[in-house]
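If you're matching positions, the sequence shown starts at 6 in my numbering and goes up one per residue. The C-beta atom is built at its ideal place from N, Cα and C for all residues, glycine as well. What follows is a single structure, written as structure tokens, with notes after it.
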Amino acid sequence: MTLYTVMPLEFVWEQREEASPTQEMQIQGVLMEVKTLENNRVEIVRLLNGPLDCYLNPAFAPGQIIRFVPVM
6 MTLYTVMPLE FVWEQREEAS PTQEMQIQGV LMEVKTLENN RVEIVRLLNG PLDCYLNPAF
66 APGQIIRFVP VM
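Pasting the structure below:
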């Protein structure tokens, strides 16, 4: 990544928030990166692999909340 700015780098990077832990999960045949929430829910961060029509499906858009039942 190349960053062109007139601001000091210390100021740029201090604004960067700590990334929350994510995990990869396959839901309905689509591999996605998700952030775990409470009550068996996850928030989609990004799609990693799946059929091409899934990328146009609003149900799989980043930021969507999905309820799931963990399988042991």
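On the DSSP letters alone, give me the boundaries of the alpha helix (DSSP H) that V17 sits inside. 14 to 19
How close, in whole Å, do the beta carbons of E48 and V39 come, if the pair is a contact with beta carbons under 8 Å? 6 Å
Span separating the alpha-carbon of P13 from that of E19: 10 Å
Beta-carbon proximity of R51 to P67, cut-off 7 Å: yes
Thinking I70 and L42 are a contact (beta carbons under 8 Å), I'd like their distance in whole angstroms, please. 7 Å
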